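Step one of this worksheet: look at the structure below.
There are 2 protein chains.
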Amino acid sequence: MPAAAPALDQLQRHLHTTRLLGSISSTLYYDQNTVMPAAGAPWRGEQLALLAAQLHERQSSEAYADLVAAAEAELDGDAPPQRRRNLQLLRLELNRQRCLDPALVTALARAQSHGNAVWQEARASNAFATFAPALRELIRLRREQAGQLADAEPVARSPWEILAQPFEPDSSKARLTELFAPLAAELPGLLESVAAAPASGPQETFELAEGLQEQLCSELLDSWGYDAARCQRSRSAHPFSCTVGPQDFRITTRVVRGQPFSAFLATAHEWGHSLYEQGLPRSDDHYFPWPLGEATSMGVHESQSLFWECRVARSRAFAERWHPRFQRGLGSDPWGGAFGFWRALNPLRPGLIRVEADELSYSLHIVLRFELELALLEQGMPVEELPAAWNRRMEELLGLQPATDAEGCLQDIHWAEGLFGYFPSYALGHLISAQISEALEQEIGPIEALVAAGETAALQDWLAGNVWPHGRSVNAEELVERVTGRPLDAGPFLTYLRAKVGQLSGAG
Amino acid sequence: MPAAAPALDQLQRHLHTTRLLGSISSTLYYDQNTVMPAAGAPWRGEQLALLAAQLHERQSSEAYADLVAAAEAELDGDAPPQRRRNLQLLRLELNRQRCLDPALVTALARAQSHGNAVWQEARASNAFATFAPALRELIRLRREQAGQLADAEPVARSPWEILAQPFEPDSSKARLTELFAPLAAELPGLLESVAAAPASGPQETFELAEGLQEQLCSELLDSWGYDAARCQRSRSAHPFSCTVGPQDFRITTRVVRGQPFSAFLATAHEWGHSLYEQGLPRSDDHYFPWPLGEATSMGVHESQSLFWECRVARSRAFAERWHPRFQRGLGSDPWGGAFGFWRALNPLRPGLIRVEADELSYSLHIVLRFELELALLEQGMPVEELPAAWNRRMEELLGLQPATDAEGCLQDIHWAEGLFGYFPSYALGHLISAQISEALEQEIGPIEALVAAGETAALQDWLAGNVWPHGRSVNAEELVERVTGRPLDAGPFLTYLRAKVGQLSGAG
């Protein structure tokens, strides 16, 4: 860093400390979800609130604003573009923080906590009506938040778009509608064709012992370069990946009775998230602790977890290589061979629950939620109409009717905490993963062949060279265009699914 | 809290936040020692330093000093004695903090870190000479620290005494000398008589499988009221107990090859620490987050861990009850019955290493260190003379000569970090445990009988009623006098040891 930029230097120290505080919060979160006894929850809540208040102060104070302004004033024509971009990203975030009325922030926090509690109840007793008022209030507050934030946006954005920015920077509903349209058009037909095909062998009626699942997860991670000196794996109620320090990466899994592949595939998924975090740029003054050293969007993050879960661990070549280990561990072969094992790893059946959905139907769950969020936030749909609208569209997209709202519009936690704009990232992850995979295959050959040859390290190297080092230098769509040479679209994902459906429906 | 004490109210909120920060630090410490990957260490160091700086600021700032002064000004004749004592303790700590030159604090932190590193090296290569300069510097800085702190002390104290205050408030070297004299006088003879007795059966040449040790530890804790909703047990390199929130208690153990009882007895020990923490008073305005809600001294803390380890888990009745479980788990009986098993739990052999010492020799290790600390800090003994002085006194007290300084004066980490005044608490723990046990037995009957009847809950109830709720209302010696009706002395401990040695030397 040039000596002539003292404010930049000071700003970097400020961001470094902010990162320390944020990572302390992450450590507490990890502890809470892996080992903290239940009675520790209220105190943990107070600890996290204290850190959140400190973080908010650091990111919105007058002193911090002065620091950013001073660093901006130091920018001259010779400033490297990375520095310019870092300051732009910090300025945007600062302006957003400062637009918000603290009273609204407090009201939102309270409404989120209330919404979560009421939702838990409503879901347990399948009583949407008890949740409706909380949801209405959350929508009202989020719209108010979007209104306050509008002034900070560099371009005109609708309320839903403003709320989606933290998850998917620069995304717009027009663009998402365009990206998702081919999914809604083609996937229901593909699902029907799968349903019409003859049944694919015996149902899974086996369990993998917990110790065996643990061992298979360890073997998987070891074969994918897991380094115990930088990583830690634990158990938690829900799998997650979490970065606790620049050289400290954690992932968690769980063993679910009745779902023998759940821990294994979740391990692949969370490891994909972690690899992206591990590969983010930290090497010079423009990256850590600056914004450019961060993940660029939830969609890109998800593309990396889905790559390892779906493109690798659910591939046919992977099934061939791992079938013997599962068979040996189990002491029998309920799949009747590697092809049956591959099919078992890829059940293609529409279901009501998003988090249990396969590659074929997952995006349709997202399309449904995206449409309903727009209806609720921007098209004046009363919350009372949500269950009926949900069920109608679920029937159209997936051919299913929830028997209860608990397995319908009450299934996800997101709306209960007023998180709108988050869902599309999950589907974008599938599209981005597929398009990046296409580019990867053009350069280093088919993923199936590399997996068959045991060369997953080549996949990792390619991602490490082409995807991860960009950080926030580019947004998600720019990243895809940079990596693949053309704008993101649903084509590669649909091509991949058509081929996979064809092979899975075949005779093996 | 009366409405007429607004400063007190504000001070309580201040202390509450200080507790939050301190417990965040504890959580990071727990994470670091149980799951953090090695590469996370430098960042974790930065996180802890940030929290330490915040804590220091909160405990020494002008604003905090004003708050304490304002709360003192609110005290009137009607103020409850607990409030008066809380403010006295806060004032004392504040005065100490404010006596210290920040430059010295920084120099000490650097010297501690340097001392630790040099000590690791010196111990590994058995080269005291390379450690000597670091030790000399640490002694110089600690003496300087004691000099700065002297003005804050409410009574005249020697440098060593000032340094011992954080561990054992109000302790004096005259009193410790008086307490320890009977130990140095009687224990060497007792040790000799044990050595002269015929060998007590076969050496342990068995290993307990890790899974079995884990299971036995779990059974032990379950039988002692372990509540998974408030407690968490993990593995770490060294066993410890740690309070992470007012309702969140952690203990750790380790499995050591060649030491089949290590995990089991360490679990008993750490659980004793945890029970004390769990039983500290939190019930009204005078306790948590005030000083009165804290542990009163390291010696009292140690007395509670030693009670469960030595008085309960090493008792003959306990051995009778648990021998079948160990035998069943192992599938054989290398002890030749419950008496042999009890003997195996109580090996009485002098050894060179403090942390491996038994009840009989442990205090002699402490007497040695106490005397040498006084020599180094107050009697001008040059650090070069430490190895020879150590070996000479070791021969006199324990009849052993270290072959190397690594198993002599370089064995402990304490001096490498300039911790002087800490060791006596370990021996005080034995004395306090024994004297409290005597009072307990007078009230509810012999521990052996209660353990034999499976009534360990009665032991816990008695401690919960008589020992734990005092917190810092009284210091260690006042606590003992309150609980047992007379001043602390070494009598009960020696009486207990004489009886135990007699029984262990018997034929079973």
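Chains A and B supply the protein sequences, listed in that same order. Each residue of the first sequence is one higher than the last, beginning at 688 in the numbering used here. Each residue of the second sequence is one higher than the last, beginning at 688 in the numbering used here. Yeah, the Cβ is synthetic: ideal placement off N, Cα and C, and Gly gets one too. Fair warning: this is a prediction, and the values are worked out from it, not measured in the lab.
For residue i, the three-state DSSP class (helix, strand or coil)
{"i": "S905(A)", "result": "helix"}
{"i": "D935(A)", "result": "strand"}
{"i": "Q670(B)", "result": "Residue numbering for chain B in the displayed model covers 688 to 1195; residue 670(B) lies beyond these limits and cannot be assessed."}
{"i": "S923(B)", "result": "coil"}
{"i": "Q721(B)", "result": "Position check: residue 721(B) holds Thr in this sequence, whereas Gln was assumed. Reduced to three states, the DSSP call for T721(B) is helix."}
{"i": "C997(A)", "result": "helix"}
{"i": "C1096(A)", "result": "coil"}
{"i": "T930(A)", "result": "strand"}
{"i": "T954(B)", "result": "helix"}
{"i": "T648(B)", "result": "Look at the range of chain B in this structure, 688 to 1195, and you will see that residue 648(B) is not part of it."}
{"i": "T1171(B)", "result": "helix"}
{"i": "T940(B)", "result": "strand"}
Whether residue i touches residue j by CB criterion (8 Å)
{"i": "G959(A)", "j": "S992(A)", "result": "yes"}
{"i": "A798(B)", "j": "E824(B)", "result": "yes"}
{"i": "L1073(B)", "j": "V1054(B)", "result": "no"}
{"i": "S880(A)", "j": "E1065(A)", "result": "no"}
{"i": "A955(B)", "j": "E989(B)", "result": "no"}
{"i": "N1033(B)", "j": "L1191(B)", "result": "yes"}
{"i": "L738(A)", "j": "A1177(A)", "result": "no"}
{"i": "V755(B)", "j": "L781(B)", "result": "yes"}
{"i": "F854(B)", "j": "G1108(B)", "result": "yes"}
{"i": "A1139(A)", "j": "E957(A)", "result": "no"}
Nearest-angstrom Cα separation, counted from residue j out to residue i
{"i": "L1035(A)", "j": "L878(A)", "result": "8 Å"}
{"i": "V792(B)", "j": "Q775(A)", "result": "40 Å"}
{"i": "S1187(B)", "j": "K860(B)", "result": "Residue 1187(B) is actually Lys in this sequence, not Ser. The alpha-carbon atoms of K1187(B) and K860(B) are separated by roughly 29 Å."}
{"i": "L707(A)", "j": "W730(B)", "result": "8 Å"}
{"i": "D718(B)", "j": "D718(A)", "result": "7 Å"}
{"i": "S713(A)", "j": "C929(A)", "result": "7 Å"}
{"i": "G1141(B)", "j": "I1040(A)", "result": "51 Å"}
{"i": "R862(B)", "j": "E733(A)", "result": "43 Å"}
{"i": "D972(B)", "j": "R772(B)", "result": "13 Å"}
{"i": "A1151(A)", "j": "A1136(A)", "result": "20 Å"}
{"i": "A809(A)", "j": "F815(A)", "result": "6 Å"}
{"i": "L893(B)", "j": "A1044(B)", "result": "Correcting the residue type first, residue 893(B) is Phe in the shown sequence and not Leu. Cα to Cα, the separation comes out at about 20 Å."}
{"i": "L698(B)", "j": "A1144(B)", "result": "38 Å"}
{"i": "P856(A)", "j": "D838(A)", "result": "16 Å"}
{"i": "P768(B)", "j": "E749(A)", "result": "44 Å"}
{"i": "R941(B)", "j": "C786(B)", "result": "41 Å"}
{"i": "A953(A)", "j": "Q902(A)", "result": "14 Å"}
{"i": "W1022(B)", "j": "F951(B)", "result": "17 Å"}
{"i": "A740(B)", "j": "S747(B)", "result": "11 Å"}
{"i": "L695(B)", "j": "G764(B)", "result": "16 Å"}
{"i": "D753(A)", "j": "S812(B)", "result": "54 Å"}
{"i": "W847(B)", "j": "L1063(B)", "result": "10 Å"}
Quiz prompt | Contact the stretch 1155-1163 of chain B vs the stretch 960-968 of chain B: 3+ CB pairs below 8 Å | solution = The answer is yes - the stretch 960-968 of chain B touches the stretch 1155-1163 of chain B, with three or more Cβ pairs under 8 Å.
Quiz item: When the Cβ atoms of the stretch 719-727 of chain B are set against those of the stretch 900-919 of chain A, are three or more pairs found closer than 8 Å?
Solution: Between the stretch 719-727 of chain B and the stretch 900-919 of chain A, the count of Cβ pairs shorter than 8 Å is three or higher; the stretches touch.
Quiz item: Taking Cβ-Cβ distances below 7 Å as the criterion, which residues of the stretch 711-726 of chain B are in contact with chain A?
Solution: Residues of the stretch 711-726 of chain B with a C-beta atom less than 7 Å from some C-beta of chain A are I711, T714, L715, D718, V722, M723, P724, A725, A726, listed in chain order.
Self-check item: Against chain B: residues of the stretch 904-923 of chain A by CB proximity under 7 Å
Solution: Here the close residues are A915, A916, R917, C918, Q919, S921.
Quiz item: How about the stretch 1164-1171 of chain A and the stretch 1121-1140 of chain A: do they share at least three Cβ pairs that are nearer than 8 Å?
Solution: Yes, the stretch 1164-1171 of chain A is in contact with the stretch 1121-1140 of chain A.
Quiz prompt | Three or more C-beta pairs below 8 Å linking the stretch 819-838 of chain B and the stretch 1126-1140 of chain B | solution = The stretch 819-838 of chain B is not in contact with the stretch 1126-1140 of chain B.
Practice problem: Mind checking the stretch 923-951 of chain A against chain B and listing, in chain order, the residues whose C-beta falls within less than 9 Å of any C-beta there? | Solution: Cβ contacts with chain B: V931, G932, P933, Q934, D935, F936, R937.
Quiz item: Quick check: the stretch 1099-1114 of chain B against the stretch 1043-1058 of chain B, are there 3 or more CB pairs under 8 Å?
Solution: Touching, per the Cβ criterion.
Quiz item: With contact counted as at least three CB pairs below 8 Å, one residue from each stretch, are the stretch 841-855 of chain B and the stretch 1089-1098 of chain B in contact?
Solution: Touching, no, given that fewer than three Cβ pairs across the two stretches are closer than 8 Å.
Quiz prompt | Against chain B: residues of the stretch 725-745 of chain A by CB proximity under 8 Å | solution = Taking a C-beta cut-off of 8 Å against chain B, the contacting residues of the stretch 725-745 of chain A are A725, A726, G727, P729, W730, R731, E733, Q734, L737, L738, listed in chain order.
Exercise. Could you tell me whether the stretch 694-705 of chain B touches the stretch 969-986 of chain B, where touching means 3 or more Cβ pairs closer than 8 Å?
Key: Proximity of the stretch 694-705 of chain B to the stretch 969-986 of chain B meets the contact definition, three or more beta-carbon pairs being nearer than 8 Å.
Practice problem: Taking only beta carbons into account, state which residues of the stretch 986-1009 of chain A come closer than 7 Å to chain B, listed in chain order. | Solution: Residues passing the 7 Å Cβ filter: none.
Quiz item: Using a beta-carbon distance cut-off of less than 8 Å, what residues from the stretch 697-709 of chain A approach chain B?
Solution: If the cut-off is 8 Å between Cβ atoms, the stretch 697-709 of chain A has T704, L707, L708 near chain B.
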